[in-house]
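Chains A and B are the protein sequences, given in the same order.
If you read the first sequence in our numbering, its first letter stands for residue 328, the second for the next number, and so on.
If you read the second sequence in our numbering, its first letter stands for residue 2, the second for the next number, and so on.
By construction, the Cβ of each residue, glycine as well, lies at the ideal position given by its N, Cα and C atoms.
As structure tokens, the structure follows; a few thoughts come after it.
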Amino acid sequence: MVKALKALAPDHLPTPKQEEWKYTNLARVLPEALLRQKPETVREVVIHRSRGQNGGQVEDVLWTGFEGAHQQPVLRVTVEEGADLTLIERHVGQGAYWKNMVTDIAVGKNARVHHIRLQEDSPEAVQTNLVKVTVAQDAAYDCFSLNLGGKLTRHEIHAVIEGQGADCRLNGLNLLAGVQHGDTTILIEHLAPHCTSYQFYRSILDDTARGVFQGKVHVHQAAQKTDAYQLSNALLLSPMAEMDTKPELEIYADDVKCSHGATTGPLDEEPLFYLRSRGLSAAEARRLLVQAFVDEVLEKIPDEDTREEARGKADAWLTMRLR
Amino acid sequence: MIKITNLHARVSSDEGPREILRGLNLEIQPGKVHAIMGPNGSGKSTLSYVLAGREGYEVTEGSVTMDGKDLLDLEPEERAAAGVFLAFQYPVEIPGVNMSTFLKTSLNAIRKQRGKPEMDALALLKLMKAKCKELGISEEMMKRAVNAGFSGGEKKRNEILQMALLEPKFCILDETDSGLDIDALKVVADGVNRLRSPERSFLIITHYQRLLDYIKPDIVHVLAHGQIVRTGGPELALELEEQGYKDFIEAVA
Ligand SMILES: Nc1ncnc2c1ncn2[C@@H]1O[C@H](COP(=O)(O)OP(=O)(O)OP(=O)(O)O)[C@@H](O)[C@H]1O
Ligand SMILES: [Mg+2]
């Protein structure tokens with residue numbers, strides 16, 4: 328059984344001295360007042376799908392942050408054998424608050440969960456979200472996270488692949504500007520053989536925004552025939568923007584296929600010139616290339632309506648940034 | 002008419018700027034096909050990039066005009082609208098942008114600059130289908146990303162497809178024949194020949210006489226060390242095929 332997760336304790340904040348918090352300095356961004364504030368459990372949402380409930384149900388959960396609040400919301404999801412679920416999480420809010428959240432998702436045998444996070448927290452907000460996912464035999468979990476909001480956000484996923492033949496896909500798009508800081512930290516543990524995991528994250532960073540991607544795949548000795556893939560691409564729209572990427576593979580099984588890749592930089596000059604030589608203005612060419620960069624990861628959202636919704640939000644952001 | 006006068010250009014490299022074109026002169030009358038041949042590294046692609054306006058290729062002296070209008074002053078997209086088209090030696094792959102979006106955006110961007118109304122989706126689709134058929138390009142390719150995973154031959158055909166759609170006035174083909182099998186070479190040559198008209202000029206960069214069997218040039222030039230070192234009729238290409246560039250390299254060096 329999964330141990331209950333606990334939100335970060337305000338009196339024991341992690342510091343950049345700890346390896347997994349090297350790039351994210353929580354204490355520097357969290358306002359003093361919020362730290363002193365006693366945490367309130369705003370809401371605990373429990374979602375349960377019983378065995379065989381696979382009618383394509385959608386759960387749409389809204390988490391709202393309020394000025395001055397230190398919230399510790401909890402989301403618990405259990406999807407039993409053969410059931411399925413589409414879970415949409417929306418994060419919004421106003422003013423400065425700290426959403427210090429834990430999420431616990433158990434995907435049962437042969438069950439399917441599509442998880443979509445649309446994170447649009449307020450520009451002053453801090454969100455730390457620790458997600459633990461367990462994936463059982465022949466089950467599939469996929470998550471897409473659109474990170475647009477927050478002054479500082481950390482989305483930490485700890486996925487444990489427990490049963491044979493399971494599949495875990497983590498995708499995301501970070502669109503950050505101003506002084507925003509967005510951290511995605513992933514640990515995937517392969518415990519069982521014949522499983523696949525896939526991570527694909529893209530970030531666009533403008534102004535002095537900073538992105539962090541830390542992805543670790545840990546393949547235990549029993550997890551033969553693991554197929555694990557990881558890719559992070561960051562596009563810097565400003566010379567002051569920064570991306571820190573740390574891919575890690577820890578492999579104890581000998582018959583596995585693991586690969587990872589990462590790129591960071593401005594738009595390539597070659598395709599820009601190619602498009603301009605075909606009549607597109609510099610601005611049109613840039614827009615088309617950035618759009619393509621975004622579309623390739625948005626495609627990973629399985630649910631069409633949500634995909635279009637996410638695309639709309641991304642478009643609005645791009646229109647603002649690429650004027 | 003295209004007029005290139007005493008063109009000097011340099012590229013910025015890691016070891017600082019390097020002069021590649023060293024006083025190049027060339028005039029192409031409307032309706033004419035000129036071929037440029039020359040050893041590797043002589044500056045043929047550099048010339049094509051300078052004409053198309055690529056960043057990093059700096060003109061330090063000389064001029065290029067098209068119908069009396071200064072080309073060097075224009076942005077790459079303005080040159081495209083004015084009628085310059087470069088078929089790239091190495092067409093660029095653009096993942097995530099599909100062919101039909103690309104062609105539509107390109108064609109309409111050029112029409113807009115030329116003061117023409119946008120073409121609607123249906124008319125464009127018809128036009129695209131017709132051109133694809135002419136060039137032996139499968140319509141299925143229009144759903145793929147621009148040049149991504151295209152074979153060498155498919156990339157080159159795709160360049161000619163774009164050229165046919167954009168109706169340029171001055172077409173520069175940079176080694177469009179290299180990497181083509183014999184059938185594809187004929188298809189590409191037919192595509193070019195179909196575009197020949199009294200108003201349209203061509204500059205064809207090639208290493209092989211074979212292409213010139215299919216696209217008959219009016220004039221052949223030899224480019225070496227950043228200059229046109231010899232100009233002649235189609236027979237010059239045959240001569241080069243037999244004797245190579247040895248004479249020219251030594252003559253200048
Ligand atoms: N961006 C660049 N940076 C550094 N050197 C360059 C650059 N572009 C061209 N050059 C150099 O300029 C010279 C001319 O190159 P160019 O590509 O124009 O030759 P080419 O005649 O087209 O050769 P090929 O027949 O092999 O295509 C070469 O020595 C090349 O290395
Ligand atoms: Mg060349």
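Tell me the DSSP secondary structure of residue i in three-state form.
{"i": "residue 372(A)", "result": "strand"}
{"i": "residue 208(B)", "result": "coil"}
{"i": "residue 133(B)", "result": "helix"}
{"i": "residue 638(A)", "result": "helix"}
{"i": "residue 190(B)", "result": "helix"}
{"i": "residue 583(A)", "result": "coil"}
{"i": "residue 595(A)", "result": "coil"}
{"i": "residue 226(B)", "result": "coil"}
{"i": "residue 328(A)", "result": "Unreliable positioning characterises residue 328(A) in this predicted model, as indicated by a pLDDT of 40, which lies under 50. A coordinate reading is not provided."}
{"i": "residue 452(A)", "result": "coil"}
I'd like the list of long-range same chain contacts for residue i, defined as Cβ closer than 6 Å, with 5 residues on each side in sequence excluded.
{"i": "residue 362(A)", "result": "337"}
{"i": "residue 502(A)", "result": "475, 531 and 644"}
{"i": "residue 428(A)", "result": "400 and 456"}
{"i": "residue 29(B)", "result": "3, 35 and 202"}
{"i": "residue 454(A)", "result": "426, 448, 477 and 480"}
{"i": "residue 638(A)", "result": "625"}
{"i": "residue 377(A)", "result": "407"}
Under 7 Å between beta-carbons, which chain B residues line up against residue i? List them in chain order, please.
{"i": "residue 615(A)", "result": "98 and 106"}
{"i": "residue 620(A)", "result": "97"}
Does the beta-carbon distance from residue i to residue j come in below 8 Å?
{"i": "residue 129(B)", "j": "residue 104(B)", "result": "yes"}
{"i": "residue 97(B)", "j": "residue 536(A)", "result": "no"}
{"i": "residue 174(B)", "j": "residue 158(B)", "result": "no"}
{"i": "residue 545(A)", "j": "residue 514(A)", "result": "yes"}
{"i": "residue 549(A)", "j": "residue 504(A)", "result": "no"}
{"i": "residue 200(B)", "j": "residue 170(B)", "result": "yes"}
{"i": "residue 161(B)", "j": "residue 33(B)", "result": "no"}
{"i": "residue 446(A)", "j": "residue 418(A)", "result": "yes"}
{"i": "residue 414(A)", "j": "residue 442(A)", "result": "yes"}
{"i": "residue 99(B)", "j": "residue 156(B)", "result": "no"}
{"i": "residue 533(A)", "j": "residue 564(A)", "result": "yes"}
{"i": "residue 108(B)", "j": "residue 166(B)", "result": "yes"}
{"i": "residue 493(A)", "j": "residue 465(A)", "result": "yes"}
{"i": "residue 55(B)", "j": "residue 600(A)", "result": "yes"}
{"i": "residue 39(B)", "j": "residue 246(B)", "result": "yes"}
{"i": "residue 60(B)", "j": "residue 72(B)", "result": "no"}
{"i": "residue 509(A)", "j": "residue 558(A)", "result": "no"}
{"i": "residue 435(A)", "j": "residue 458(A)", "result": "no"}
{"i": "residue 512(A)", "j": "residue 499(A)", "result": "no"}
{"i": "residue 554(A)", "j": "residue 523(A)", "result": "yes"}
{"i": "residue 497(A)", "j": "residue 541(A)", "result": "no"}
{"i": "residue 397(A)", "j": "residue 364(A)", "result": "yes"}
{"i": "residue 380(A)", "j": "residue 354(A)", "result": "no"}
Keeping to the same chain, check which residues put their C-beta closer than 8 Å to that of residue i; ignore five residues upstream and five downstream.
{"i": "residue 602(A)", "result": "611, 612, 615 and 616"}
{"i": "residue 149(B)", "result": "94, 95 and 96"}
{"i": "residue 393(A)", "result": "420, 421, 422 and 424"}
{"i": "residue 547(A)", "result": "516, 517, 518, 579 and 580"}
{"i": "residue 360(A)", "result": "395"}
Which residues in chain A sit within 7 Å of residue i, going by Cβ to Cβ distance?
{"i": "residue 87(B)", "result": "604"}
{"i": "residue 55(B)", "result": "600"}
{"i": "residue 114(B)", "result": "606"}
By the criterion of Cβ-Cβ separation under 8 Å, what are the contact partners of residue i in chain B?
{"i": "residue 362(A)", "result": "Neighbours of residue 362(A) on chain B: none; closest Cβ ~43 Å, over 8 Å."}
{"i": "residue 597(A)", "result": "93"}
{"i": "residue 635(A)", "result": "Residues of chain B passing the Cβ test: none, with the nearest at roughly 17 Å."}
{"i": "residue 623(A)", "result": "96 and 97"}
Given residue i, which residues of its chain have a CB within under 7 Å of its CB, disregarding the five upstream and five downstream residues?
{"i": "residue 47(B)", "result": "10, 12, 21, 22 and 58"}
{"i": "residue 235(B)", "result": "213, 217, 218 and 221"}
{"i": "residue 358(A)", "result": "423"}
{"i": "residue 373(A)", "result": "403"}
{"i": "residue 635(A)", "result": "none"}
Which residues in chain A sit within 8 Å of residue i, going by Cβ to Cβ distance?
{"i": "residue 110(B)", "result": "605, 606, 607, 608 and 611"}
{"i": "residue 81(B)", "result": "603, 604, 605 and 606"}
List, in order along the chain, the chain A residues whose C-beta lies closer than 9 Å to that of residue i?
{"i": "residue 163(B)", "result": "605"}
{"i": "residue 169(B)", "result": "Neighbours of residue 169(B) on chain A: none; closest Cβ ~10 Å, over 9 Å."}
{"i": "residue 78(B)", "result": "602, 603, 604, 605, 606, 607, 608, 609, 611 and 612"}
When you get a sec, list the residues whose CB is within less than 5 Å of any heavy atom of ligand 1, chain order please.
12(B), 14(B), 21(B), 41(B), 42(B), 43(B), 44(B), 45(B), 46(B) and 47(B)
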